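Engineer:
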Amino acid sequence: MNMNSTKHSLQQLLPHIEIQEAVVLAPYSTFKMGGPAELYITVHEEKDLIAAIQVAHALSLPVRVLGGASNVVISDEGINGLVIRNMCAIKSVMSETSDTVRVHISSGYSMTRLAKETAELGWSGFEHHLGLPGTLGGALYMNSKWVDPDKTYYVGDALVSAQVISPDGQVKQVDKDYFNFGYDYSILQDTRETVISAVYELQKKLPEHLVAAGKKSLAYRRATQPHGVATSGCFFKNVNGKSAGKMIDDAGLKGYRVGGAFVSDVHANFILNDGSATTNDVRELLHNVKEKIKSHYGVELEQEVDII
19 MNMNSTKHSL QQLLPHIEIQ EAVVLAPYST FKMGGPAELY ITVHEEKDLI AAIQVAHALS
79 LPVRVLGGAS NVVISDEGIN GLVIRNMCAI KSVMSETSDT VRVHISSGYS MTRLAKETAE
139 LGWSGFEHHL GLPGTLGGAL YMNSKWVDPD KTYYVGDALV SAQVISPDGQ VKQVDKDYFN
199 FGYDYSILQD TRETVISAVY ELQKKLPEHL VAAGKKSLAY RRATQPHGVA TSGCFFKNVN
259 GKSAGKMIDD AGLKGYRVGG AFVSDVHANF ILNDGSATTN DVRELLHNVK EKIKSHYGVE
319 LEQEVDII
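Just add 18 to the spot in the sequence shown (first one is 1) and you have the numbering used here.
#1: Taking the C-alpha atoms as reference points, what is the distance between Ser215 and Leu67?
#2: Per DSSP, what kind of secondary structure is Lys260 in: helix, strand or coil?
#3: Using three-state DSSP, classify Ser47 as helix, strand or coil.
#4: Which value, in whole angstroms, describes the spacing of the CA atoms of Ala74 and Glu135?
#5: So Gly251 is in the beta strand (DSSP E); what residue range does that whole segment cover?
#6: At a cut of 8 Å, does the region 175-184 reach the region 201-215 through at least three beta carbon pairs?
#7: Quick one: Cα of Ala248 to Cα of Ser110, how far?
#8: For the alpha helix (DSSP H) holding Asn306, just list the boundary residues, first then last.
#9: If you draw a straight line from the alpha carbon of Gly277 to that of Ser294, how long is it in whole angstroms?
#10: Going by beta-carbon coordinates alone, are Pro54 and Gly96 separated by less than 8 Å?
#11: Among Val42, Glu56, Thr48, whose alpha-carbon lies nearest the alpha-carbon of Met21?
#12: Figure out for me which residue from Asp193, His26, Ala44 has the closest Cα to the Cα of Gln38.
#13: According to DSSP, is Leu31 helix, strand or coil?
#14: What is the rounded straight-line gap between the Cα of Arg131 and the Cα of Leu290?
#15: State the Cα-Cα distance for the pair Leu319 and Gly149, rounded to the nearest angstrom.
#16: According to DSSP, what are the bridge partners of Ile289?
#17: Compare the C-alpha of Gln207 against each of Val41, Gly155, Leu28, Ile92 and name the closest.
#18: Can you tell which of Ile311, Arg210, Ala107, Lys50 has the C-alpha that lies nearest to the C-alpha of Val61?
#19: Ignoring anything shorter than 3 residues or poking outside the region 93-143, list the beta strand (DSSP E) runs there in chain order.
#20: Quick one: what's Asp193 bridged to in DSSP?
#21: Does the contact criterion of 3 or more C-beta pairs under 8 Å hold for the region 115-132 versus the region 221-229?
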C-alpha cells in the first residue's frame, strides 16, 4: 500500500481527525530539531489516541506517539509512518475524603501545568515537578524525578493505576507495581506501551505550602540547569551513584561543541542546540563525550535521551 492509499484508509477510519503529511517536527521538540513526519495527527481525547494506535496497527503503519517530545532528539530524516501528537489533557476528580483526592489524568497533560494546578488546589503529589518539561505519559515512561537534598520525588510516587495500550492496540488497566519503576526506568521502555491515562491519590494540604514548595523546586532547577534554551534535558544516566554531569565537567567538556550541538556551561549533562545542530552533530558529540569519560573513568555512559 503506497502512502496515498494509506492516508486515504487512515482518513476513512478516523474521519473526524485531520491527517497531515510532511509536518516538520522541530517546533514540537524541546531540542528544536527534527525532520518531517510522514503522516501526522493531533489528538485531544483519550478515545482518539486509542483509536489512532489501533487503526495504524491494522494498516501495518509504524506509530510514534509524542507528548512534549522533551526527552528525545528527532533526527533530520524525520519519522516514517504515523506520528501522533498527544494533546489529551483532561483532569477529573473520581472520589475524595477529608484527607485525599483521587484524580483521573490524561497522559498528554503538561507536567508543569499539572504541578501548578494541583498545588493551587491543595493536592500534594506533583508540586516538586514544577518546571519539568513534557507530559505525564512521558514522565511515567521515564520515571522522572526531582532530587531535593533530603528526598527524591518520583512522578510515580502517588500513582494508583493506569490505562496503557500496546503497539498492537491492546488496552489494559495496570496497577503501580506493573511499571516496575527503577532509576530512569519503567517497564514501558521494554513493552513499548503508551500511557493513555493515570489515576493518582493525592494528599490534601494547605495550597500556600504546596505553591511555596513548587516555587522552591523551580528556583533551584533554574539556578542549576539551563533554561530558555533548546535542550532535551540530561542526556546521560548517572553511573553507580556517580554524577554523569560531574564526570563530564571534571573531564573539561563544558562548552565542548560539534557543529551546532554543545555541552552546557551551566550543567554538563545537558546538550544544547544553538539552532543549527544536525543529527550527525549530536551523534558525534555524544560519541566523543562517551569516549572521553571511558578513558578518564573507565565507565560507559548510558544515554537517557533517545535519538529517533
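No residue lacks a Cβ here, since even glycine has one placed at the ideal position from N, Cα and C.
Bear in mind the structure is a predicted one, so any value in this text is a computation, not a measurement.
Structural biologist: Considering the structure as presented:
#1: Their backbone Cα atoms lie some 11 Å apart in a straight line.
#2: strand
#3: Ser47 falls in the coil class under three-state DSSP.
#4: Note on geometry: alpha-carbon atoms of Ala74 and Glu135 lie some 34 Å from one another.
#5: 248-252
#6: yes
#7: Taking the straight line joining both Cα atoms gives about 33 Å.
#8: Secondary structure note for Asn306: its alpha helix (DSSP H) is the uninterrupted segment 297-315.
#9: Per the coordinates, the alpha-carbon of Gly277 lies some 8 Å from the alpha-carbon of Ser294.
#10: yes
#11: Glu56
#12: Nearest option by C-alpha distance: His26.
#13: helix
#14: 24 Å
#15: 26 Å
#16: Val281
#17: Nearest option by C-alpha distance: Gly155.
#18: Out of Ile311, Arg210, Ala107, Lys50, Ala107 has the C-alpha closest to the C-alpha of Val61.
#19: Qualifying beta strand (DSSP E) stretches, in chain order: 97-104, 109-114, 118-124.
#20: Ser179
#21: At 8 Å Cβ cutoff, the stretches touch.
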